[in-house]
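Peer 1: Note that the protein sequences, when read in sequence, are chains X and D. So the first sequence is residues 15 to 365, counted in our numbering. So the second sequence is residues 15 to 365, counted in our numbering. Please see the structure below; I have some questions.
2 protein chains.
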Amino acid sequence: MGPVTLRDVAQLAGVSIATASKALNGQPQVRASTRDRVIRAAEQLNFSPNTLAQGLITQRTGTVGLLTSDLEGRFSIPILMGAEDAFGSDQTSVFLCDARGDAIREKHHLRALLSRRVDGLIVVGARPDARPSLGRDLPVPVIYAYSPSEDPADLSLVTDNVGGGRLAVDHLIRHGRRRIAHITGDATYGAAQDRATGALARLAEEGLQLAGDQVWFGSWSEAWGRSATRMLLERDPGVDAVFAGSDEIARGVLDVLHQEGLDIPQRVAVIGFDNWNILAANARPPLSTIDMNLEQLGRLAAQRLFAAIDGTLRSGASAAGASASGASASGALAPGTETVPCRLVTRESTG
Amino acid sequence: MGPVTLRDVAQLAGVSIATASKALNGQPQVRASTRDRVIRAAEQLNFSPNTLAQGLITQRTGTVGLLTSDLEGRFSIPILMGAEDAFGSDQTSVFLCDARGDAIREKHHLRALLSRRVDGLIVVGARPDARPSLGRDLPVPVIYAYSPSEDPADLSLVTDNVGGGRLAVDHLIRHGRRRIAHITGDATYGAAQDRATGALARLAEEGLQLAGDQVWFGSWSEAWGRSATRMLLERDPGVDAVFAGSDEIARGVLDVLHQEGLDIPQRVAVIGFDNWNILAANARPPLSTIDMNLEQLGRLAAQRLFAAIDGTLRSGASAAGASASGASASGALAPGTETVPCRLVTRESTG
DNA sequence: TACGTTCCTGAAAACCTTTTCGGCATCTCT
DNA sequence: AGAGATGCCGAAAAGGTTTTCAGGAACGTA
Numbered sequence: 015m016g017p018v019t020l021r022d023v024a025q026l027a028g029v030s031i032a033t034a035s036k037a038l039n040g041q042p043q044v045r046a047s048t049r050d051r052v053i054r055a056a057e058q059l060n061f062s063p064n065t066l067a068q069g070l071i072t073q074r075t076g077t078v079g080l081l082t083s084d085l086e087g088r089f090s091i092p093i094l095m096g097a098e099d100a101f102g103s104d105q106t107s108v109f110l111c112d113a114r115g116d117a118i119r120e121k122h123h124l125r126a127l128l129s130r131r132v133d134g135l136i137v138v139g140a141r142p143d144a145r146p147s148l149g150r151d152l153p154v155p156v157i158y159a160y161s162p163s164e165d166p167a168d169l170s171l172v173t174d175n176v177g178g179g180r181l182a183v184d185h186l187i188r189h190g191r192r193r194i195a196h197i198t199g200d201a202t203y204g205a206a207q208d209r210a211t212g213a214l215a216r217l218a219e220e221g222l223q224l225a226g227d228q229v230w231f232g233s234w235s236e237a238w239g240r241s242a243t244r245m246l247l248e249r250d251p252g253v254d255a256v257f258a259g260s261d262e263i264a265r266g267v268l269d270v271l272h273q274e275g276l277d278i279p280q281r282v283a284v285i286g287f288d289n290w291n292i293l294a295a296n297a298r299p300p301l302s303t304i305d306m307n308l309e310q311l312g313r314l315a316a317q318r319l320f321a322a323i324d325g326t327l328r329s330g331a332s333a334a335g336a337s338a339s340g341a342s343a344s345g346a347l348a349p350g351t352e353t354v355p356c357r358l359v360t361r362e363s364t365g
Numbered sequence: 015m016g017p018v019t020l021r022d023v024a025q026l027a028g029v030s031i032a033t034a035s036k037a038l039n040g041q042p043q044v045r046a047s048t049r050d051r052v053i054r055a056a057e058q059l060n061f062s063p064n065t066l067a068q069g070l071i072t073q074r075t076g077t078v079g080l081l082t083s084d085l086e087g088r089f090s091i092p093i094l095m096g097a098e099d100a101f102g103s104d105q106t107s108v109f110l111c112d113a114r115g116d117a118i119r120e121k122h123h124l125r126a127l128l129s130r131r132v133d134g135l136i137v138v139g140a141r142p143d144a145r146p147s148l149g150r151d152l153p154v155p156v157i158y159a160y161s162p163s164e165d166p167a168d169l170s171l172v173t174d175n176v177g178g179g180r181l182a183v184d185h186l187i188r189h190g191r192r193r194i195a196h197i198t199g200d201a202t203y204g205a206a207q208d209r210a211t212g213a214l215a216r217l218a219e220e221g222l223q224l225a226g227d228q229v230w231f232g233s234w235s236e237a238w239g240r241s242a243t244r245m246l247l248e249r250d251p252g253v254d255a256v257f258a259g260s261d262e263i264a265r266g267v268l269d270v271l272h273q274e275g276l277d278i279p280q281r282v283a284v285i286g287f288d289n290w291n292i293l294a295a296n297a298r299p300p301l302s303t304i305d306m307n308l309e310q311l312g313r314l315a316a317q318r319l320f321a322a323i324d325g326t327l328r329s330g331a332s333a334a335g336a337s338a339s340g341a342s343a344s345g346a347l348a349p350g351t352e353t354v355p356c357r358l359v360t361r362e363s364t365g
C-alpha cells in the first residue's frame, strides 16, 4: 500500500478526482455538503497531496534554493532563519546548498537546483564584498544577500556598514567620549573600509581626530585586537574609547585593557561589531556592539523573492503569447543594491 | 519558451522521447551512434531533466529533510555539512527546516517534507538528551543525530560524551597533572553527567580524587566558569588542571586564572570541550579541547540513511506483492544507538 | 527464398494532480 | 409549460519523464 492519493480520497467520498481536488482547494463550484464529505475523507485517510505532481502542473514547486559559501560562518545562518520564517513553513521549503567557496561546486548546485525547478534563489556570500553574478539569463529570480553581485543588474541586499560605523562612534560621542580609536580587521575587506568611513565621518562632524592618529587595520582576530591595543596605548595613553571592527577584536581589546588595569567602561569604553552573542554577551563586561540585522536581511530577501516569483508567474502567464522578449525572469526584480540599516545593542562596556 | 524538455532533445536528435530517455540514462538497448546524437543534442540545448517528473514516476526524489531545532546553535551546522558532502550534490539535495524547538512547528515541517516525498529524514536536536520519536510508522527512514530518540526502535547517532570526558582527563594525567578539577554546565544535561562520569572513571583508574572534591555543575556560560574557578581556588589552591565542560566555561576559567596571576599551562593546565573554534583557537593561550566530530557524525548519518533508502527501495519493490507486513520503512535500519568517538585537539593550554 | 535471431526504435501507459469545458439537473421567469 | 440561467459534477488533457512491449529492419542460416 503506497501513499494515499487523491484517487483514494475521491473514492471514499464517492466523487470524481476532479471534484475532490476542487473541494480541497477551496474552488467555489462545489456544493458545501460535497466539500465536507471530501474533506472528511481526506482527514480520515490522512491525505496530503503529492507536491511533485502539483509542481509539475502548476509550474511552481514552492521551493527556493539557498546557495551559500559560508555555512560554518555566522552570516548565512541568521539569513537562513529570517528567510525561513518569512516564507512560512507550509508554503515554501528551502534547499540549502553550501558551495564551500568553490565556483565549480556552485555551478553544480545551481544546475541541480534548477533541475529541481526551484521558484527562486538566494545567494549568500562568505564576505561582504561583491561576488560574481550567477548570470543574467536564469529562469528564476535571484537575490544576493550579504555579498552583493558584481552585476548591477542583479538585486543585492547588503548591510549598511558605513551607517554601522557611524552608529558606533555616535554612541561613544553621546557618552562623552572624545578620544576614540578604531581597531579593525583586514583592510582588503570592503566592510572594514566602510565601517571606518562611517566612523571617520561622524568624528569629523564633531571636529574630532581619531585617537592614535590612524585606523588600525589588521586581521579579524582576538590576537590582533590585543596587539593593536598595546600599540594604541603606547602611542596614545589618553584614549577613552575603542570602536572595534568585530566582536572578536573587541574581546582582544578588553583583554589587554584588563591587563593594564584600565577600568571598563569608566576609563575606556569599548564597542564591537556583529553582535555575535557568544562573544559579546559573555564578555567581561558584556559588550556593546553593532548588530547587522541579518535576520531582517534574510526576511527582506525572502519577501523580495516572493514578490518576484509572484510577478514572474503573473507576467509570465499573461505575456506568454504576447511577447517572447527575454527569457530572464529577473525583470520582476527592481535591480540595484538595497541597504539594511544596523542596530545598536548597548550593554555595559560603554556604560 | 519554457525550459527545454526531453521532447526538444528528442526532436533535435531525430528520435522518439523514449529513445532519448534511454540514451541519456545509459540503457543498453540504444545504438552507439544514436546515443551520441542524443547526448550532443542534450548538451547543445543545455538540457537538464525535470526532477519532479522523474520523482513522480521513479518514486524517488533524491531529497532528504533535515529537521533541526537548533539552527543558530553550533551543533546542527557541522552535522549538516557532513551530511551534505556525504550525499554528493548531484544526487541528493537537502531541505533544511528549523522547528525552533516547537513541537507543533515540527509536525508542520514533517508533514510538508512528507508531502514533498523526501526519501529520508535526519533529525537533529538542540541538546544531547533524548527527544520524542517522530513515530514508528513513517513512510521513510529516519535517523536521529546528536539527540537520540526516546524510542529504542529508532536509529540514533550520538556523541560519546563519556569517552570524551575520559579522553580529556587522560590527556591531563599524561601531562603529569594530579590535582584535576572539573567545572561543567547544567547538571540536568545528560551530556554534563556523561562527561563527568568519564572523567571520574579515568581518575579512579589512577587512584586520584577530584580536586575541589566535587564536580562543579552550573550553567554553560563564561560567567559560571569564572565564578566556579574562584570558588575552586579558594577551596583547593593547589589545583594543577581544570577540565571544563565546554569551551565557553573554559574561557571563564582562563580569565580568572589570568587575574590570579597563575601561569597557563605551567601552573594550571586547562582543557575545554566542543572545539568551538572561535572560542578555543583565539583564547590566550589557545585552548586544548575535545572535538565531538560532529561532521563525521553527519556523514555517518547520511551514509546510514542512504543505505536505508536503497534498502527500502529494493525490498519495497520485491516485497510489494509478496508481503504487506508493515508500512514502516525503518525495517531497513538496524535500530539502536550508535556512538561516535570524540577526538582530542591539543593546543597550548595544556602544554 | 523462407525463416528465425538479434538489434534497435517508438507508441503508450503510468506517476498524481490541476484545470477546462461540456453536460445534466434544478430553478426562475414569462 | 417552455426558454433561459444557474449550480454541480465528471471526463479528459496537460505537465515531463521512465519503462514495457510490440514491431520493423537487418542479418545469418538452411
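From the three backbone atoms N, C-alpha and C, an ideal C-beta is built for every residue, glycine too. Please read all numbers here as calculations on a predicted model, not as lab measurements.
Is the stretch 91-110 of chain D close to the stretch 302-317 of chain D, with three or more CB pairs under 8 Å?
Peer 2: yes
Peer 1: Buried or exposed: which applies to D:Arg244, given that a residue is buried once 16 or more other Cβ atoms fall within 10 Å of its Cβ?
Peer 2: exposed
Peer 1: Any C-beta of chain X within less than 7 Å: which residues of the stretch 43-65 of chain D qualify?
Peer 2: Ser62, Pro63, Asn64, Thr65
Peer 1: According to DSSP, simplified to helix, strand and coil, what is X:Phe320?
Peer 2: helix
Peer 1: Checking the sheet assignment: what are the DSSP bridge partners for X:Phe257?
Peer 2: X:His196, X:Ile285
Peer 1: Strictly under 8 Å for the Cβ-Cβ distance: is D:Ala117 near chain X by that measure?
Peer 2: no
Peer 1: Assign D:Thr33 to one of two classes, buried (16 or more other C-beta atoms within 10 Å of its C-beta) or exposed (fewer than that).
Peer 2: buried
Peer 1: Does the beta carbon of D:Glu236 sit closer than 8 Å to a beta carbon anywhere in chain X?
Peer 2: yes
Peer 1: With 8 Å as the threshold, decide whether the Cβ of X:Ser107 is near any Cβ in chain D.
Peer 2: yes
Peer 1: By alpha-carbon positions, which one of D:Ile71, D:Tyr203, D:Gly178, D:Val282 ends up nearest to D:Val354?
Peer 2: D:Gly178
Peer 1: Decide if D:Glu236 is buried, meaning its Cβ has at least 16 other Cβ atoms within 10 Å, or exposed.
Peer 2: buried
Peer 1: Taking 8 Å as the limit between beta carbons, can you name the residues of its chain near D:Thr65, skipping five residues before and five after?
Peer 2: Thr75, Gly76
Peer 1: Starting from X:Arg130, find everything on chain D with Cβ-Cβ shorter than 7 Å and list it in chain order.
Peer 2: Thr65, Ser107
Peer 1: Any chance you could list the beta strand (DSSP E) runs of at least 3 consecutive residues sitting entirely within the stretch 103-189 of chain X, in chain order?
Peer 2: Here the runs fully enclosed are 107-112, 134-138, 156-159, 169-173.
Peer 1: Grab me the residues of X:Gly115's own chain with a C-beta within less than 7 Å of its C-beta, minus the 5 sequence neighbours each way, in chain order.
Peer 2: Ser83, Ala140
Peer 1: How should X:Asn307 be labelled, buried or exposed, when 16 other C-beta atoms within 10 angstroms of its C-beta is the threshold for buried?
Peer 2: buried
Peer 1: Measuring alpha carbon to alpha carbon, tell me which of X:Leu224, X:Val154, X:Leu214, X:Val29 ends up nearest X:Phe320.
Peer 2: Of the listed residues, the one whose Cα sits closest to X:Phe320 is X:Val154.
Peer 1: Tell me the rounded alpha-carbon separation between D:Glu362 and D:His272.
Peer 2: 15 Å
Peer 1: Give me the chain D residues within the contact set of X:Thr72, using Cβ-Cβ distance strictly less than 9 Å, ordered along the chain.
Peer 2: None at all; the shortest Cβ gap to chain D is about 11 Å.
Peer 1: Any beta carbon from chain X within less than 8 Å of D:Met95's own beta carbon?
Peer 2: yes
Peer 1: Apart from the five residues on each side of it in sequence, which residues of its chain come closer than 6 Å, Cβ to Cβ, to D:Glu352?
Peer 2: For D:Glu352, where only same-chain residues beyond five positions count, the Cβ hits under 6 Å are Leu171.
Peer 1: Taking the straight line between their C-alpha atoms, what separation do you get for D:Asp168 and D:Gly259?
Peer 2: 28 Å
Peer 1: Using beta carbons (cut-off 8 Å, strictly below), is X:Arg357 in contact with chain D?
Peer 2: Output row for X:Arg357: interface = no.
Peer 1: Taking buried to mean at least 16 other C-beta atoms within 10 Å of its own C-beta, is X:Gln105 buried or exposed?
Peer 2: exposed
Peer 1: List the residues of chain D whose Cβ lies closer than 8 Å to the Cβ of X:Asp269, in chain order.
Peer 2: Arg298
Peer 1: Should X:Thr75 be flagged as near chain D, meaning a C-beta pair shorter than 8 Å?
Peer 2: yes
Peer 1: Look at the alpha carbon of X:Arg131 and the alpha carbon of X:Leu94, and state the distance between them as a whole number of angstroms.
Peer 2: 20 Å
Peer 1: Roughly how many angstroms separate the alpha carbons of D:Gln25 and D:Ile31, rounded to a whole number?
Peer 2: 8 Å
Peer 1: Pull up the DSSP beta-bridge partners for D:Ser302, would you.
Peer 2: D:Ile285
Peer 1: Counting C-beta neighbours from all protein chains within 10 Å, is the total for X:Asp261 16 or more, i.e. buried, or is it exposed?
Peer 2: buried
Peer 1: From this set, X:Ala56, X:Leu135, X:Asp133, X:Pro166, which residue's C-alpha is nearest X:Pro146's C-alpha?
Peer 2: X:Pro166
Peer 1: For X:Pro155, go through chain D and note every residue whose CB falls closer than 8 Å to its CB, in chain order.
Peer 2: Simply none; closest approach about 15 Å.
Peer 1: By DSSP, does X:Glu274 sit in helix, in strand, or in coil?
Peer 2: coil
Peer 1: What does D:Glu98 touch in chain X if you count any residue whose Cβ is under 7 Å from its own?
Peer 2: Asp112
Peer 1: Could you check the C-alpha separation between X:Val138 and X:Arg119 for me, to the nearest Å?
Peer 2: As the crow flies, the alpha-carbon of X:Val138 is around 15 Å from that of X:Arg119.
Peer 1: How big is the Cα-Cα spacing for D:Ala126 and X:Gly325?
Peer 2: 25 Å
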